[in-house]
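Peer 1: Supplied in structure tokens, the structure appears directly below.
In UniProt numbering, the protein residues as written are 1 to 139.
Listed below in structure tokens is the structure:
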């Protein structure tokens, strides 16, 4: 099960109920543009959305169950114990003493970080490489 299959199940449930995207939006109090974004895969579905769609389309909880299955199969195995923590968290923090988090990396920083040495090892963990990288990135 993947998210594309979930989207197909949502569309099939909506079609069998004879409900348009606009009508579903009115039933579940979500905007038509959000429903369109979810159905084309541009926006990630949520449990709240799946539950509301289940109730509106009278699918007996099918969409929620399929979303749980898709989410479990989509996540890496190491993340399984953290899944419940993430869903109940009000704030997520990260601590990386040696790396700049991905969304804050500049293109130059990522390029230097991913540079390989002559033996094929990554220079990212060598202090001299970090000093060189930081020196290159300063304005």
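The C-beta atom is built at its ideal place from N, Cα and C for all residues, glycine as well. For clarity, every value in this text was computed on a predicted model and none was experimentally measured.
So residue 10 and residue 63 are supposed to be a Cβ contact under 8 Å. How far apart are they, rounded?
Peer 2: Their Cβ separation, rounded to whole angstroms, is 6 Å, which keeps residue 10 and residue 63 in contact under 8 Å.
Peer 1: Just to confirm the assignment: which complete alpha helix (DSSP H) runs, minimum length 4, are found wholly within the UniProt domain "HTH cro/C1-type" (10-63)?
Peer 2: As far as the UniProt domain "HTH cro/C1-type" (10-63) is concerned, its whole alpha helix (DSSP H) runs of at least 4 residues are 21-28, 32-39, 47-57.
Peer 1: Mind the definition here: the region 93-107 touches the region 35-45 only if three or more C-beta pairs lie below 8 Å; say whether that holds.
Peer 2: These segments do not touch.
Peer 1: State the Cα-Cα distance for the pair residue 124 and residue 110, rounded to the nearest angstrom.
Peer 2: For residue 124, the predicted structure reports a pLDDT of 49, less than 50, and the residue's modelled location is therefore unreliable. A value from the coordinates is still provided. Going by the C-alpha atoms only, they are around 10 Å apart.
Peer 1: Between the C-alpha atoms of residue 51 and residue 34, what's the straight-line distance to the nearest angstrom?
Peer 2: In a straight line, the C-alpha of residue 51 is about 15 Å away from that of residue 34.
Peer 1: Looking only at its own chain, which residues have a Cβ that is under 7 Å from the Cβ of residue 32, when we skip the five neighbours before and after it?
Peer 2: Around residue 32: 21, 22, 25.
Peer 1: DSSP three-state label for residue 81, please.
Peer 2: Helix, per DSSP.
Peer 1: Could you check the C-alpha separation between residue 61 and residue 94 for me, to the nearest Å?
Peer 2: Approximately 34 Å, taken between the alpha carbons.
Peer 1: Quick one: residues in its chain with C-beta nearer than 7 Å to the C-beta of residue 57, no 5 flanking neighbours on either side, listed in chain order?
Peer 2: If we look at residue 57 and ignore the five residues flanking it on each side, its Cβ neighbours are 13, 14, 17, 19.
Peer 1: With DSSP collapsed to three states, give me the class of residue 70.
Peer 2: It is helical.
Peer 1: Using the Cα positions of residue 78 and residue 70, report the straight-line distance between them to the nearest angstrom.
Peer 2: Each residue's Cα considered, the two are about 16 Å apart.
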